[in-house]
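S.K.:
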Amino acid sequence: MAPTGNAPVSSPKLGAGSIPVPWEELQGSCSWEGLLDPLDADLRASLIAYGELAEAAYDGFDADEKSPHAGSCMYTQAGLLAASGVSHPEYYTVTKFLQATSEPRGQSPESESTAIGKALFVQQPEKPGRTNWIGYVAVATDDGVKALGRRDIVVAWRGTVNILEYPKDVEFQYKSAAQVLAGDFPDAKVRSGILDVYTTNNPVENHIMPMIVRNSARDQVLAEVRKQVEAYKEEKTSITVTGHSLGASLATLNAVDIVAHGYNVPGSRPEQTPCPVTAILFASPHVGDENFKSAFASFPALRALHVRNAGDKVPPANENMDVATVVLHIDTDRSPYLNLRPNDDVTRHNLECYLHYGRAQMCRRLPCVPTAKYRGRRHRSIRTAATKMVVGVKMAVGTSRLCRRSPSAQFFGTGPVWVGSRPVPTVIPARFLFF
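The following block contains the structure:
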């Protein structure tokens, strides 16, 4: 029977015998209580879906420094999700591309902002101070509403392009978080480099745009979220902000910014109940201090779920420093299908590695066992990693319209890639070809 009135709408049934979970619970209304260990099938599918949307921000990014379009998105808004291998591109439509400055002005070469800029952006020497594509806003289509149970507004932030440039050795430098917390928490502080990327207004020209980009990434995303919340004020809505690595840090700032400034309420209806805002974070580094963590947890309409890999050294070792309200622990070293060396920190941090593990029926007590009943992540994660990441026993041939390997796949060095529409052999375990 279809839900009526204000009854919660359940997510689609994923397997025989499963009990669909209301979408509100998947978004953290009950802080994911009872859904994490063992990992609920509906929640697993939801996390993989948002992980794919975050991965699209990597796969669409032109990270080739020799490309004339370096730093931009390789696809149009209409084509991004399908071209990036999202399992259900028909569930969302991209409404806005986000740009951020790659060179905050007035920063010294030794600053954290400069170090983070090197990790996040692709620079062209002849065009200093230019902007880079940093993510996008998407809204659930009518087909997506039927599948998800509500009109979901997604903000996906791109993360680290060059993990080797990640500022491991840079001492944390803090700034006041008052700008994103509406001034209600004067003692809260966040990392300066992340805040600079999010808030810097830099009037520089993007080489593919006929206009001057004068707004910060923050201004762009808040304006688009406000626009979409207003457009669908008659419907049940949610806002989901997602990202990986430094993109997860940006997602954290963006999520609390939306709630603190009331962008989850239609401007024409300030009395309306705020729609829930959920941050789905993968491999997030340290974002802010204890005061910021307390401020983040103080907003009733805000939830955050942080997926952390046990072998990933980017998230803070001290879990008390984690801003997220709930943490989901995974351990990709337990997967028999990943060829991980003891010192392979780059692969353990890779988003596709996270998504591969999410395909399995796993929890902290049970072994990683794939199931043919699950119809979530396609074998894209297997072929992007190719021979370096996955232990393969069969050769399969496929085609793709991708013209270059994604920044995510670049972490794995040389290996089989798909160029144009020409078939190229790719190592794929036969057991994963059930999708």
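Counting from 1, one number per residue, gives the positions in the sequence shown under full-length UniProt numbering. Built from N, CA and C at the ideal position, the CB exists for glycine as well. A quick note: this is a predicted structure, and the numbers were derived from the prediction, not measured.
Return the chain-ordered ranges of every alpha helix (DSSP H) run that is complete within the stretch 215-276 and spans a minimum of 4 residues.
M.R.: The qualifying runs are 217-231, 246-260.
S.K.: What does the alpha-carbon distance come out to for the pair residue 139 and residue 215?
M.R.: Whole-angstrom Cα-Cα distance: 22 Å.
S.K.: Out of 22, 27, 21, state which residue places its alpha-carbon closest to the alpha-carbon of residue 277.
M.R.: Among 22, 27, 21, the Cα nearest to that of residue 277 is on 27.
S.K.: According to DSSP, is residue 23 part of a helix, a strand, or is it coil?
M.R.: Of the three classes helix, strand and coil, the one that applies to residue 23 here is helix, per DSSP.
S.K.: Can you tell me where the alpha helix (DSSP H) holding residue 35 begins and where it ends?
M.R.: Residue 35 -> no alpha helix (DSSP H), and no H or E assigned at all.
S.K.: What first and last residue would you give for the beta strand (DSSP E) that runs through residue 97?
M.R.: Looking at the DSSP string, the run of the beta strand (DSSP E) that includes residue 97 is 92-101.
S.K.: For residue 36, which of 306, 249, 188, 51 has the nearest alpha-carbon?
M.R.: Answer by Cα proximity: 306.
S.K.: Which residues share a DSSP beta bridge with residue 330?
M.R.: In DSSP, residue 330 forms a bridge with 309.
S.K.: Specify the secondary structure class of residue 153 as computed by DSSP and reduced to three states.
M.R.: Correct three-state label for residue 153: strand.
S.K.: Return the CA-CA distance between residue 249 and residue 259, expressed in angstroms with no decimal places.
M.R.: About 16 Å.
S.K.: Determine, using beta carbons only, whether residue 298 and residue 159 come nearer to each other than 8 Å.
M.R.: Taking 8 Å as the Cβ cut-off, residue 298 and residue 159 do not qualify as a contacting pair.
S.K.: Assign residue 303 to one of three DSSP states: helix, strand, or coil.
M.R.: Three-state result, residue 303: strand.
S.K.: Apart from the five residues just before and just after residue 286, which ones in its own chain have a Cβ nearer than 6 Å to its Cβ?
M.R.: Closer than 6 Å at the Cβ level, and outside the excluded window around residue 286, lie 316, 321.
S.K.: Mapping DSSP to helix, strand and coil, what is residue 279?
M.R.: Reduced to three states, the DSSP call for residue 279 is strand.
S.K.: Thinking just about the alpha-carbon of each residue, which of 42, 284, 186, 88 is nearest to the one in residue 441?
M.R.: Coverage of the chain is limited to positions 1 through 435, which leaves residue 441 absent and any answer about it impossible.
S.K.: Distance check for residue 335 and residue 175, CA to CA, integer angstroms please.
M.R.: Taking the straight line from one Cα to the other gives about 40 Å.
S.K.: Measuring CB atoms only, is the stretch 58-73 touching the stretch 32-48, in the sense that at least three cross pairs come out at less than 8 Å?
M.R.: These segments do not touch.
S.K.: Can you confirm whether the stretch 331-349 touches the stretch 307-314 when touching is taken to mean that 3 or more C-beta pairs between the two stretches lie within less than 8 Å?
M.R.: Yes: the two stretches touch, three or more of their Cβ pairs being nearer than 8 Å.
S.K.: Quick one: what's got a C-beta closer than 6 Å to residue 228's C-beta in the same chain, skipping five residues either side?
M.R.: Around residue 228: 139, 153.
S.K.: Which residue wins for smallest C-alpha separation from residue 301, given the options 21, 218, 31?
M.R.: Among 21, 218, 31, the Cα nearest to that of residue 301 is on 31.
S.K.: Spatial neighbours of residue 179 within its chain, please: CB distance less than 7 Å, with the 5 preceding and 5 following residues excluded, ordered by chain position.
M.R.: These residues qualify, in order along the chain: 199.
S.K.: For the beta strand (DSSP E) that contains residue 131, what are its first and last residues?
M.R.: 131-140 is the extent of the beta strand (DSSP E) around residue 131.
S.K.: So who's on the other strand from residue 191, going by DSSP bridges?
M.R.: 174.
S.K.: Within 10 angstroms of its Cβ, does residue 69 collect 16 or more other Cβ (buried), or is it exposed?
M.R.: Under this definition residue 69 is an exposed residue.
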